[in-house]
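Numbering (the UniProt record's numbering), first residue to last: 1 to 365.
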């Protein structure tokens, strides 16, 4: 599918500080694309360049094949929703939604019909004549979304719009956003540092780190096949185990832990060769803890002796903090009933198993 929005080799510097460097991304029409990364990673800078609030030092942005950077921000016809709701306090809800249409001098009948449609879309028709101060934070943000969509922008930009809301309300609005996106088909660029929010909302996610995009993919792709240690650590939880690589008689790369224990790496990394120091990445939920007398769960499972340091009940799961023979603490997440079946307790010796096929191999940091 042809890209609708093309971000090409964007670079932005402030004196000696590089905010973003060689950022390139193709966004499909109607796609929900999320920029995910820690503070200062360049995700908001990229969004503001698309909006026209900042100018890049280098690079291009094309919208539907046409250059965008030479167009004034108010002429780009792009919708924007910020973290703060930025509603006009002296205007009613209906007047706030109508504002961008009034600026564009749309006929009164069209304005009324569009306001009715947008308020129905965000389930706030009954609030049309209320003032912003009479609304909850979640309602105000839905009004801001309705206003941003009122003039049918080809792209909607959202800069951490839910970060000021509490967790329960944030999750409710996330569901609303998914529904609104499905009903309108608008192309959305969404900025967040919340991985769970990104996974819940997005068609695809661009992971930012230190001014660059490390990987682009669906949430499942990023979680299952992270391209770097950073992506593996930022999407989901991970255990990183240090190994020295060696090749066995079958030519398969094995990993030797600091205590001399050897396991199959189960992964291939063309940047690493036998003798290199590497890192095995394994998700906590992909590991299984068992007592010393229990049998191994699968023929292809690797195992490691550990000491149980802590056990935490999480409702639907049990979290085990365990220490390796070289005193590194790692995490295992098991179904909630597991502790009663295993007889494990704090201070006991145990074995941790994992399927070698679930391992990812990275260069040592």
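Glycine is no exception: its CB is placed at the ideal position from the N, C-alpha and C atoms.
Just the Cα atoms here: how many angstroms apart are residue 140 and residue 117?
17 Å
If we count the other Cβ atoms within 10 Å of its Cβ and call it buried at 16 or more, is residue 266 buried or exposed?
buried
Just mark residue 237 as buried or exposed, buried being the case when its beta carbon has 16 or more other beta carbons within 10 Å.
exposed
What are the boundary residues of the alpha helix (DSSP H) that residue 310 is part of?
Counting along the chain, residue 310 falls outside any alpha helix (DSSP H), though it belongs to the beta strand (DSSP E) covering 301 to 313.
Through-space distance from residue 188 to residue 99, alpha-carbon basis
21 Å
Considering only the alpha carbon of each residue, which of 345, 343, 319 and 344 lies closest to residue 335?
319
Sorted by chain position, which residues of the same chain lie with C-beta nearer than 8 Å to residue 76's C-beta, five sequence neighbours on each side aside?
51, 52, 63 and 68
Please report the residue range of the beta strand (DSSP E) in which residue 217 lies.
212 to 217
Okay, do the region 160 to 175 and the region 7 to 19 touch, 3+ Cβ pairs below 8 Å being the bar?
no
Straight-line CA distance for residue 111 to residue 79?
17 Å
Quick check on this structure: which residue in 93, 317 and 66 has the alpha carbon closest to the alpha carbon of residue 126?
93
Taking the beta strand (DSSP E) that residue 201 falls in, what are its first and last residues?
Not the beta strand (DSSP E): residue 201 falls in the alpha helix (DSSP H), residues 195 to 201.
Please work out which residues of its chain come closer than 7 Å, Cβ to Cβ, to residue 130, disregarding the five sequence neighbours upstream and downstream, and give them in chain order.
92 and 93
Decide if the region 170 to 183 is in contact with the region 99 to 108; the criterion is three or more beta carbon pairs, one per stretch, under 8 Å apart.
no
Segment limits, alpha helix (DSSP H) that includes residue 48:
43 to 51
Under a three-way DSSP split, which group does residue 116 fall into?
helix
CB of residue 211 within 8 Å of CB of residue 245, strictly:
no
Mind checking whether residue 322 and residue 309 have CB atoms under 8 Å apart?
yes
Which class does residue 128 belong to by DSSP, given the choice of helix, strand or coil?
coil
Determine the DSSP secondary structure at residue 192, reduced to helix, strand or coil.
strand
Within a Cβ cutoff of 8 Å, which residues of the same chain sit near residue 142, ignoring the five residues on either side of it in sequence?
122, 123, 124, 173 and 176
My assumption, with CB atoms under 8 Å, is that residue 23 sits in contact with residue 4. Please give the rounded CB distance.
About 17 Å; that fails the 8 Å criterion.
With DSSP run on the structure shown, which of helix, strand or coil describes residue 294?
coil
Please identify the residue among 17, 31 and 40 whose C-alpha is closest to the C-alpha of residue 2.
31
Please classify residue 271: does DSSP put it in a helix, a strand, or coil?
coil
Spatial neighbours of residue 324 within its chain, please: CB distance less than 7 Å, with the 5 preceding and 5 following residues excluded, ordered by chain position.
304, 306 and 330
Beta-carbon proximity check, residue 25 vs residue 206, cutoff 8 Å:
yes
Report the three-state DSSP secondary structure of residue 29 (helix, strand or coil).
coil
7 Å Cβ shell around residue 223 - same chain, five flanking residues per side excluded
235 and 236
Taking the beta carbon of residue 86 as the centre, do at least 16 other beta carbons fall within 10 Å, making it buried, or is it exposed?
exposed
State buried or exposed for residue 58, treating a residue as buried only when at least 16 other CB atoms are found within 10 Å of its CB.
exposed
For my contact list, residue 184 and residue 204 are in at a C-beta cut-off of 8 Å; report their separation, rounded to the angstrom.
That pair is no contact at about 18 Å.
Helix, strand or coil for residue 36 per DSSP?
strand
Quick test of your reading: residue 192 and residue 361, contact by CB under 8 Å. State the CB separation rounded to the nearest angstrom.
At roughly 29 Å, the Cβ-Cβ gap does not stay under 8 Å, so residue 192 and residue 361 are not in contact.
Thinking just about the alpha-carbon of each residue, which of 43, 314 and 272 is nearest to the one in residue 18?
43
Report the three-state DSSP secondary structure of residue 319 (helix, strand or coil).
strand
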